[in-house]
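Numbering (our numbering), first residue to last: 47 to 464.
All residues carry an ideal CB built from backbone N, CA and C; glycine is no exception.
For clarity, every value in this text was computed on a predicted model and none was experimentally measured.
All remarks here apply to the structure that follows.
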Ligand SMILES: [Zn+2]
């Protein structure tokens, strides 16, 4: 996400203050976009057991950049953010695609240095706590780590800006083990137009972007179109030799006209190419009423220049939230999953929450952090999904796509034509 996190690095003390305020007052943000059903205790107990037994993978967690800003040790319980090993174990969570973030406002050199800082921190966890964390460069690593009761922290890059005009940087990322790259972020870049940016430079992908796609195919790095415009997504589907992914996107069907969410046509196109849509749980993505209310707040931020993370910004949202629903819930998240299953099939949907990226105000009321996956599993059980289908959603589909992308890479590199 991070669209509204642009100024964080300059306002750390304010952000910390704001988080304290959020934590203190969140309980007063009472109205929910949909009143959550009370989970049947038996169903939740069953979901907790299933969550322990199956592999749960989340394709988008922003913990590296958040932790660089606010250093704490996630091997134990921490006071801020959505992710630490105590909550991981409570949620039966097994693998977090660890988002290495690059800012649309930074130059190539600055972004590459920032990438390395986050990368070193992630690798540092695997080195310092080998009995808890393990890197993963392919689906087999994830499965092996799962068998050994190790938490997988595979890497991904959000924003292709650090590639600059240098395709060899992709090889560097591949060697470090990056699983996917979100090709653009909140501003159109040298690769792709952004769905958060009214400045559409390329009407989709740039000529260089087509070269990036080809090289990512060859190297076996998954192409993530979560922040790309509709035109760019269509072009990526058409030009990629491998399946593509949306690492943290929801369904436009429920929030009409919102390009950050995927249309039914795009979801079907991604599925037709054997790809996967990993549903984000930002309340403004899930529910049209929450979206409308958040739009009002974000417009106020834009017009006043006050940040989402400032004390005043948080107070404004909380005050507005007293009378206007801002938080969605697991039931609505399951509606998005149901919808993708209905139009594209059970093999093309997964979970990419954006924890540690969206902030506490945007999280669903009943899914506040990485201990929450069993709440979703309970909702899926209630809707009649089998354990095998739930495992596909919670990890299997993403791992299948990753495996196919690596296979296509192998075939391209072994082909004499290439
Ligand atoms: Zn994002």
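- Residue range 224 to 228 is occupied by the beta strand (DSSP E) that includes residue 224.
- Distance from the CA of residue 194 to the CA of residue 341, rounded to the nearest whole angstrom, comes to 45 angstroms.
- Assigned with DSSP and collapsed to three states, residue 273 falls in coil, not helix or strand.
- Distance check between residue 260 and each of 245, 274, 244, 284 places 284 closest, using alpha-carbon atoms only.
- Contact between residue 422 and residue 390 does not hold, since their C-beta atoms are separated by about 19 angstroms, which reaches or exceeds 8 angstroms.
- Nearest to residue 91 by alpha-carbon distance, out of 418, 460, 301, 458, is 418.
- Around the C-beta of residue 306, 16 or more other C-beta atoms lie within 10 Å, and the residue is accordingly described as buried.
- Taking non-hydrogen atoms of ligand 1 into account, the C-beta of residue 272 is found less than 7 angstroms away from one of them.
- In the DSSP assignment, residue 212 forms no beta bridge with any residue.
- Going by beta carbons, residue 229 and residue 269 fall inside the 8 angstroms limit.
- In the structure shown, residue 334 falls within a helical segment according to DSSP collapsed to helix, strand and coil.
- In this structure, the C-beta of residue 400 approaches ligand 1 to less than 7 angstroms from one of its heavy atoms.
- Sequence-distant partners of residue 238 (beyond 5 residues in either direction) whose C-beta falls short of 6 angstroms from its own C-beta, in its chain, are 229, 230, 251, 255, 274, 278.
- Pairing residue 405 with residue 127, the inter-Cα distance amounts to about 8 angstroms.
- Per the C-alpha coordinates, the member of 411, 369, 386, 457 positioned closest to residue 443 is 386.
- Secondary structure at residue 416: coil, using DSSP grouped into helix, strand and coil.
- Taking 7 angstroms as the cut-off, one finds at least one heavy atom of ligand 1 near enough to the beta carbon of residue 294.
- Judged by DSSP secondary structure, residue 397 falls within the beta strand (DSSP E) whose first and last residues are 395 to 397.
- Classified as exposed, residue 302 has fewer than 16 neighbouring CB atoms from the shown chains inside 10 Å of its CB.
- As the crow flies, the alpha-carbon of residue 402 is around 30 angstroms from that of residue 319.
- Put simply, of 184, 192, 347, 132 the residue whose alpha carbon is nearest the alpha carbon of residue 449 is 184.
- Here the alpha carbon of residue 337 sits roughly 35 angstroms from the alpha carbon of residue 263.
- Taking each of 153, 180, 205, 246 in turn and checking the Cα distance to residue 223, the smallest one comes out for 180.
- Our two residues, residue 428 and residue 384, have alpha carbons roughly 12 angstroms apart in a direct line.
- Per DSSP, reduced to three states, the secondary structure at residue 291 is strand.
- With a cutoff of 8 angstroms on beta-carbon distance, residue 394 and residue 316 are scored as near each other.
- Residue state for residue 103 is assigned as strand, using DSSP reduced to three classes.
- Contact annotation: the segment 325 to 337 touches the segment 370 to 377, with at least three C-beta pairs closer than 8 angstroms.
- Annotation for residue 196: no alpha helix (DSSP H) segment contains it, and DSSP assigns it neither H nor E.
- Within the chosen limit of 7 angstroms, ligand 1 reaches the beta carbon of residue 403 through at least one heavy atom.
- For the pair residue 103 and residue 441, the CB atoms are nearer than the 8 angstroms cut-off.
- A distance below 7 angstroms between beta-carbons, with the five flanking residues on each side excluded, links residue 312 to the following residues of its chain, in chain order: 276, 279.
- Less than 8 angstroms divides the Cβ of residue 271 from the Cβ of residue 282.
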